[in-house]
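In this note's numbering, the protein residues as written are 325 to 473.
C-beta: ideal position from N, C-alpha, C; glycine also.
Structure record follows, encoded as structure tokens.
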């Protein structure tokens with residue numbers, strides 16, 4: 325019985341010594357480091373931007389999270405909505421083409437919307453768009469035709 329009590333006491337002392345190695349006793353009573361707060365100087369605008377035109381594409385994204393943002397390549401602006409509508413505009417806001425991307429349909433339907441979510445990316449010849457079901461499509465920048473799926 326006495327042996328068990330000594331073993332418990334010895335075990336507790338060993339644990340206390342091991343834990344005390346993590347931090348010294350003097351650190352217990354020191355103040356935390358005081359950080360200096362710096363105030364930022366206000367920025368003044370160097371360029372005044374004006375909105376030349378704006379357009380809405382499709383029905384937006386609804387209550388869903390999406391990374392869809394317009395992309396610019398050369399003299400074209402490309403935008404898409406979540407339901408699979410991809411649109412190209414020129415720099416003055418005139419629509420050049422639009423393409424509706426659907427998943428495979430049956431004989432009686434045109435298919436369901438592609439649920440675009442991966443965002444748009446552009447290269448010299450293509451507009452790339454990704455869907456929630458893992459599809460990657462390449463649309464021709466000039467015509468909007470689907471070059472690959």
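Would residue i pass as a contact of residue j if the rule is Cβ separation under 7 Å?
i, j, result
"residue 411", "residue 403", "yes"
"residue 452", "residue 462", "yes"
"residue 424", "residue 409", "yes"
For a test of the three-state rule: what should DSSP assign to residue i, helix, strand or coil?
i, result
"residue 446", "strand"
"residue 336", "helix"
"residue 343", "helix"
"residue 330", "helix"
"residue 470", "strand"
"residue 389", "coil"
"residue 423", "strand"
"residue 477", "The displayed coordinates of the chain run from 325 to 473. Any statement about residue 477 would go beyond what the structure contains."
"residue 364", "coil"
"residue 370", "coil"
"residue 462", "strand"
In chain order, what residues of the same chain have a beta carbon less than 8 Å from the beta carbon of residue i, not counting five sequence neighbours either side?
i, result
"residue 383", "405, 406, 407"
Cutting at 7 Å between CB atoms, please list the residues of its own chain near residue i, excluding the five before and the five after it.
i, result
"residue 432", "Confidence is the limiting factor: at residue 432 the pLDDT is only 42, short of 50, which leaves the residue's position unreliable, though a coordinate-based value still follows. There are no such residues."
"residue 447", "none"
"residue 364", "none"
Based on Cα-Cα distance, which residue from the options lies nearest to residue i?
i, options, result
"residue 457", "450, 426, 471", "426"
"residue 471", "455, 450, 360, 454", "450"
"residue 381", "336, 360, 440, 466", "440"
"residue 445", "421, 420, 394", "394"
"residue 420", "336, 387, 466, 389", "466"
"residue 389", "335, 442, 459, 333", "442"
For residue i, which residues of its own chain have a beta-carbon under 6 Å away from its beta-carbon, when the five flanking residues on both sides are left out?
i, result
"residue 464", "471"
"residue 401", "394, 413"
### Query
If you pair each beta-carbon of the segment 375–395 with each one of the segment 403–417, do three or more pairs fall below 8 Å?
Yes, since at least three Cβ pairs between the segment 375–395 and the segment 403–417 fall closer than 8 Å, the two stretches touch.
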